[in-house]
Amino acid sequence: MSWGAIATLMLPENLLLAGIVLLIGVEILLRPPRGDLVLSLLAVAAAAAAALWLYTTGASAEPFPGHFSVSPATLLGKAVVLALSIPVLLISRDEFAEGPFHILLLSSLYGACLLLSSDSFLTLFIGLEIMSMPVYVLVLLAYQRPESAEAALKYLVLGGTASAALLMGVSLLYGGSGTLAISAFTKALVSTDTMARAGIVLVIVAFFVKAAVVPFHTWAPDAYEGASVPVTAYMATIIKAAVLLAAARLFAAAPMRGSIADLLALLPLVSIVWGNLAAMRQQSFRRLIAYSSIAHAGYLFYAFLGAGPTRFEAVLFYVLAYGVMNLLAFAALPPHADDAARDRLDNFRGLFHRAPLSAVLIAIAMLSLAGIPPFPGFVAKFLIFKNVIAAGYTLYAVLGLVGSYLGIYFYLRVIQLMFMSEDQPAVAHGKPGTLALGAALACLAAAVVLGVYPASMLGRF
Amino acid sequence: MFDAALLNIVVYLPLAGMALLLAAPAGQDSFIRRLTLALMTLQFVVTAYLYARFDPAVAGLQFETRLPWIASWGVYYQIGLDGYNVLLVLMTAFLGPLVVAGAFTAIQKDVKLFYSMVFLIQFAMLGTFVAQDLFLFYVFWETMLIPMFLMIGIWGGERRIYATIKFFLYTAFGSILMLAALIYLVLSFQATTGITSFAFADLYQSRLPLDVQCLLLAAFGLSFAIKVPMVPLHTWLPDAHVEAPTAGSVILAGVLLKMGTYGFMKLGFPLFPDATLAFTPAIMFLSVVSIVYGACVALVQTDIKKIIAYSSISHLGYVMLGLISLNLYGIQGAVIQMVSHGLTAAGLFLMVGMIYERCHTRELADYGGLARILPVYSVFFAILTLASIGLPTTSGFTGEFLVLLGAFGAAWQQYEQGATLPLVLSATAVTGVVLGALYMLWFAQRFLFGTAKAPYQPFGDLDLRERTILGIIVAAVFLLGLFPNDAMKKTELAARQFQQLVSTSRTGVRVAAERAPASIAAETSTPWSANARTGSTP
Numbered sequence: 074m075s076w077g078a079i080a081t082l083m084l085p086e087n088l089l090l091a092g093i094v095l096l097i098g099v100e101i102l103l104r105p106p107r108g109d110l111v112l113s114l115l116a117v118a119a120a121a122a123a124a125l126w127l128y129t130t131g132a133s134a135e136p137f138p139g140h141f142s143v144s145p146a147t148l149l150g151k152a153v154v155l156a157l158s159i160p161v162l163l164i165s166r167d168e169f170a171e172g173p174f175h176i177l178l179l180s181s182l183y184g185a186c187l188l189l190s191s192d193s194f195l196t197l198f199i200g201l202e203i204m205s206m207p208v209y210v211l212v213l214l215a216y217q218r219p220e221s222a223e224a225a226l227k228y229l230v231l232g233g234t235a236s237a238a239l240l241m242g243v244s245l246l247y248g249g250s251g252t253l254a255i256s257a258f259t260k261a262l263v264s265t266d267t268m269a270r271a272g273i274v275l276v277i278v279a280f281f282v283k284a285a286v287v288p289f290h291t292w293a294p295d296a297y298e299g300a301s302v303p304v305t306a307y308m309a310t311i312i313k314a315a316v317l318l319a320a321a322r323l324f325a326a327a328p329m330r331g332s333i334a335d336l337l338a339l340l341p342l343v344s345i346v347w348g349n350l351a352a353m354r355q356q357s358f359r360r361l362i363a364y365s366s367i368a369h370a371g372y373l374f375y376a377f378l379g380a381g382p383t384r385f386e387a388v389l390f391y392v393l394a395y396g397v398m399n400l401l402a403f404a405a406l407p408p409h410a411d412d413a414a415r416d417r418l419d420n421f422r423g424l425f426h427r428a429p430l431s432a433v434l435i436a437i438a439m440l441s442l443a444g445i446p447p448f449p450g451f452v453a454k455f456l457i458f459k460n461v462i463a464a465g466y467t468l469y470a471v472l473g474l475v476g477s478y479l480g481i482y483f484y485l486r487v488i489q490l491m492f493m494s495e496d497q498p499a500v501a502h503g504k505p506g507t508l509a510l511g512a513a514l515a516c517l518a519a520a521v522v523l524g525v526y527p528a529s530m531l532g533r534f
Numbered sequence: 041m042f043d044a045a046l047l048n049i050v051v052y053l054p055l056a057g058m059a060l061l062l063a064a065p066a067g068q069d070s071f072i073r074r075l076t077l078a079l080m081t082l083q084f085v086v087t088a089y090l091y092a093r094f095d096p097a098v099a100g101l102q103f104e105t106r107l108p109w110i111a112s113w114g115v116y117y118q119i120g121l122d123g124y125n126v127l128l129v130l131m132t133a134f135l136g137p138l139v140v141a142g143a144f145t146a147i148q149k150d151v152k153l154f155y156s157m158v159f160l161i162q163f164a165m166l167g168t169f170v171a172q173d174l175f176l177f178y179v180f181w182e183t184m185l186i187p188m189f190l191m192i193g194i195w196g197g198e199r200r201i202y203a204t205i206k207f208f209l210y211t212a213f214g215s216i217l218m219l220a221a222l223i224y225l226v227l228s229f230q231a232t233t234g235i236t237s238f239a240f241a242d243l244y245q246s247r248l249p250l251d252v253q254c255l256l257l258a259a260f261g262l263s264f265a266i267k268v269p270m271v272p273l274h275t276w277l278p279d280a281h282v283e284a285p286t287a288g289s290v291i292l293a294g295v296l297l298k299m300g301t302y303g304f305m306k307l308g309f310p311l312f313p314d315a316t317l318a319f320t321p322a323i324m325f326l327s328v329v330s331i332v333y334g335a336c337v338a339l340v341q342t343d344i345k346k347i348i349a350y351s352s353i354s355h356l357g358y359v360m361l362g363l364i365s366l367n368l369y370g371i372q373g374a375v376i377q378m379v380s381h382g383l384t385a386a387g388l389f390l391m392v393g394m395i396y397e398r399c400h401t402r403e404l405a406d407y408g409g410l411a412r413i414l415p416v417y418s419v420f421f422a423i424l425t426l427a428s429i430g431l432p433t434t435s436g437f438t439g440e441f442l443v444l445l446g447a448f449g450a451a452w453q454q455y456e457q458g459a460t461l462p463l464v465l466s467a468t469a470v471t472g473v474v475l476g477a478l479y480m481l482w483f484a485q486r487f488l489f490g491t492a493k494a495p496y497q498p499f500g501d502l503d504l505r506e507r508t509i510l511g512i513i514v515a516a517v518f519l520l521g522l523f524p525n526d527a528m529k530k531t532e533l534a535a536r537q538f539q540q541l542v543s544t545s546r547t548g549v550r551v552a553a554e555r556a557p558a559s560i561a562a563e564t565s566t567p568w569s570a571n572a573r574t575g576s577t578p
């Protein structure tokens, strides 16, 4: 394969890399630096467009055999991840003026793209780390409250533990199979060898930590609350999407049976139930979204109970619908001089009377996250539970649906506070910035398309 | 083709109206009210045209639209009118403008949002009725919750938040299990026939073992029974009704509750005939309990809205009894009773709203002798009360009489085969008629007659707007009571299809003897109306 072909197949990654280099150049050469946002937006949009273009050409090749490959499915996954980060950049303008944010975000995205294309555990690990490392810093960047430091540390330590578990699991798998190819994982799934099983469990645990599945979820509420809004939005959507898509790639179409299937059903089920129950007691919007994302991690891992070929599509549709909705909520969240006051739920009282558009947009996001039709969250959930029932796990599906029912209450509570409670004119929420509003409306448009015509994203590969 | 487009227009007109309202400038409240009323009236006119064009001789769907929606799942956008939904669609479109006009003075807060929500719920309700695809049906079914949740929660009374969350959580619980059941149903249909389809018409052919049918019917039935509501799942209803604004109560009682009985008629029973047969005694028992319990509880209420709320539980018990009788009279009576209850309950809730706007209390004890203070109001109230009781010439009589006739017809057949329970239950249901007369008349007596008293006197009698609304409802009540033939003819084929679907076993094993009366085929469509006038009235 010629270098030109390789460069073309890795165009999304290369465009991101070019963006990073240019951003660093701007940072060094221009005083004060400017144009960061435009540059990073251009880089991400171009990378997303490139991924989409490669997808439409049906590109399917291995630029680095055994390590890095592209297929229509992975390209669509990359396009989704990259497109989801555009609203994050848009809402970041009011929070981060300086360069490091953009450089770190683009680096993290580069890791996510690598992760989605990885064929060996080596690339997988590198991708995962390149994606996670910048986020440890992002949580702490431009922090507005002292707890942010604690949150970042917690995230770093637990993220490091996950990496350690992954490495340990990979070494065990390597020891058993003698290969670093991720196909060793699917082979080990059907083996009864103790070492293979231990390796699998360790790898799954690493993914559970990264995706915040109970009982490995404790970092999420603190990190989500401590980080600034765009970073929380990034963690809740893009990181989660990339981790789950990588897991879907890892599991591929391997049959799920026995105790591994139970592990992949029970912990996500507990996650759904606990995430939804704990969310009821939260007083902060970001913590609420954190517990909601813990529950959603549960639904997402449910997709792995479905038959092999259905998994990637179910996960992809879900992360897209879920990501769009989360970003909508964060983009519509009206700014406030005090970061803690911004997302205190009590301050949401009567928001409809102060900021009707924000309130309506957040309400739509909440209903979609709750899985109420006609919003896309419903179609996404429907697809996953349809696959789970089709695979014969009817009882788990019913329990998961009942667990999702528990979540309805706290989403409704947000709506109730915004629409049905007395106005709190004393809370001086600012007006959402133009770019944030634009991001919100773009998310809304995407949500309408996904909700009204889900077929636009189904059966695509 | 043109008519099919018109049906789509009927469904989407409210959505367009909502978009218009959201785009309208703030502070134009009276313009918004008029625009809403105009669009709702237009919608009713189009629906009435479609109703007139509806051909009673055609079995199956008319004005059908069928387009691929989610092709890879076998989901179609399929809507159409048939004998099951044609009356309910007409009633929903009929109540739309009345609800809007009824809220002209009552709603002064967030007017734009309010009428947007009225449009949204109208859209969702019409969509639920016309949907012929299970996925589409579920989407509309759930969409209904959102505007109602906001309507009760924003414009409701003191305990509105408790009531609205209770409403949402009750109904959503049923829906969640229905979702699991519908996925299972479609997948097992796919497994046995190789066809992936959500279309009702296809799923009516599904064959499932009895135990699976029972579980699925339980899941669907729970969802529908909560909506009806059937005792003991009714506790959300009084709270929702009491706290809801008048428009919310009218929509709730007028249309939303019919979703439950419509669901049983269109989905629950025909999809799972063998399970229906197995559950018949239980469903019959719960229907009769609903009739009697609702009536008894209504008797002791002191809140006007609660009396009507509990009377709704009782009246919908008749609908269930008629449906489960599987007798053509009973089924047609149930359909008429649905529409009749929609009209009378809507009228009564509107009247409660009118008096509440004047006196700001719903305590029955605060009122008395209104006949002397508000003569026009009292006349309308008396007519609607009598219609609710089921006085001959009103729609209530047509419905209840046919239901009881059907229930007895079916029960007698079974009695002759040695089963006495249905006969006992049918006889018990008749006491509901007596109790119904008792609580409504006693209510009217305390409300309208006796010493004249009312808080905040003096206040004016009904104005022209209120008289027009009530006049239209009363006219419809009499129209359906005196000339039900047209409505009966248009629903007859569907009733026969329902009867045939539910009484044909689809496990290959027949679990019980034939229950439908053999003489049904010989029935003409009108024998009862001649008897009806001379028949005894409770």
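Protein sequences appear in the order of chains A and B.
Position in the first sequence counted from 1, then plus 73, gives you our numbering.
Position in the second sequence counted from 1, then plus 40, gives you our numbering.
Ideal Cβ positions, reconstructed from N, Cα and C, are used throughout, including at glycine.
If we define contact as Cβ-Cβ less than 7 Å, is L96 of chain A a contact residue for chain B? By the rule that beta-carbons nearer than 7 Å mark a contact, L96 of chain A does not touch chain B.
State the beta-bridge partners of F208 of chain B as determined by DSSP. Beta bridge pairing from DSSP links F208 of chain B with no other residue.
V268 of chain B - DSSP class collapsed to helix/strand/coil: Coil.
Assumed close pair L190 of chain B, M157 of chain B - CB separation to whole angstroms, cut-off 8 Å: 5 Å
Under 7 Å, do A280 of chain B and G476 of chain B count as touching if we go by C-beta distance? no
How close, in whole Å, do the beta carbons of T87 of chain B and V140 of chain B come, if the pair is a contact with beta carbons under 8 Å? Contact flag wrong, Cβ pair sits at about 15 Å.
To which residues does DSSP link I119 of chain B through a beta bridge? B:T105, B:A171
Quick one: which chain B residues come within Cβ less than 9 Å of I457 of chain A? Under the 9 Å cutoff, chain B gives no residues; its nearest Cβ is about 11 Å from I457 of chain A.
With DSSP collapsed to three states, give me the class of L90 of chain A. helix
Might you give, ordered along the chain, the residues of its own chain that have their beta carbon closer than 6 Å to the beta carbon of A405 of chain A, omitting 5 neighbours on each side? S431, L434, I435, A513
Between L227 of chain B and chain A, is any beta-carbon pair separated by less than 7 Å? yes
Please tell me whether Y224 of chain B has its Cβ less than 7 Å away from any Cβ of chain A. yes
Rounded C-beta distance between L256 of chain B and Y224 of chain B? I'm assuming under 8 Å. 7 Å
Counting C-beta neighbours from all protein chains within 10 Å, is the total for S332 of chain A 16 or more, i.e. buried, or is it exposed? exposed
Name the residues in the stretch 188 to 199 of chain B whose C-beta lies less than 8 Å from a C-beta of chain A; which are they? Listed in chain order, the positions of the stretch 188 to 199 of chain B with a beta carbon within less than 8 Å of a beta carbon of chain A are F189, L190, G193, I194.
Hey, A387 of chain A and N460 of chain A are a contact pair by Cβ (cut 8 Å); roughly how many whole angstroms apart? 6 Å
Interface residues of chain A around L424 of chain B at Cβ under 7 Å? Here the premise fails: no neighbours, minimum Cβ distance about 31 Å.
Going by DSSP, name the residue or residues bridged to F141 of chain A. The partner list for F141 of chain A (beta bridge, DSSP) reads A:F137, A:S191.
L337 of chain A beta carbon less than 7 Å from that of P449 of chain A: Result no, Cβ atoms of P449 of chain A and L337 of chain A do not sit closer than 7 Å.
Contact with chain A by T183 of chain B, beta-carbon distance below 7 Å: Yes, because at least one Cβ of chain A sits closer than 7 Å to the Cβ of T183 of chain B.
Using DSSP with H/G/I as helix, E/B as strand and the rest coil, what is I255 of chain A? coil
Can you name the residues of chain A whose CB is closer than 7 Å to the CB of A459 of chain B? Simply none; closest approach about 35 Å.
Three-state secondary structure (DSSP) of E403 of chain B: E403 of chain B falls in the strand class under three-state DSSP.
Please tell me whether A464 of chain A has its Cβ less than 7 Å away from any Cβ of chain B. no
Reduced DSSP secondary structure (H/G/I, E/B, other) of G408 of chain B: Of the three classes helix, strand and coil, the one that applies to G408 of chain B here is strand, per DSSP.
Can you check which of these residues, A:L115, A:L239, A:R384, is closest to G532 of chain A by C-alpha distance? A:R384
Sequence-distant residues of its chain with Cβ nearer than 6 Å to S327 of chain B (five each side left out): G357, M360, L361
My output table needs one value for K493 of chain B: the three-state DSSP class, helix, strand or coil. strand
Roughly how many angstroms lie between the CA atoms of L468 of chain A and L340 of chain A, to the nearest whole one? 15 Å
So the candidates are B:K206, B:P313, B:F260; which of them puts its Cα closest to the Cα of Q245 of chain B? B:P313
In or out: R74 of chain B buried (at least 16 other Cβ within 10 Å) or exposed? exposed
I110 of chain B by DSSP, collapsed to three states: which one? strand
Return yes when the Cβ of K529 of chain B is within less than 7 Å of the Cβ of F94 of chain B, no when it is not. no
Could you tell me which chain A residues have their CB closer than 8 Å to the CB of F213 of chain B, listed as they occur along the chain? Y478
For the stretch 495 to 518 of chain A, list every residue whose C-beta sits within 9 Å of some C-beta in chain B, in sequence order. none
Taking 6 Å as the limit between beta carbons, can you name the residues of its chain near A314 of chain A, skipping five residues before and five after? V154, V392, G396
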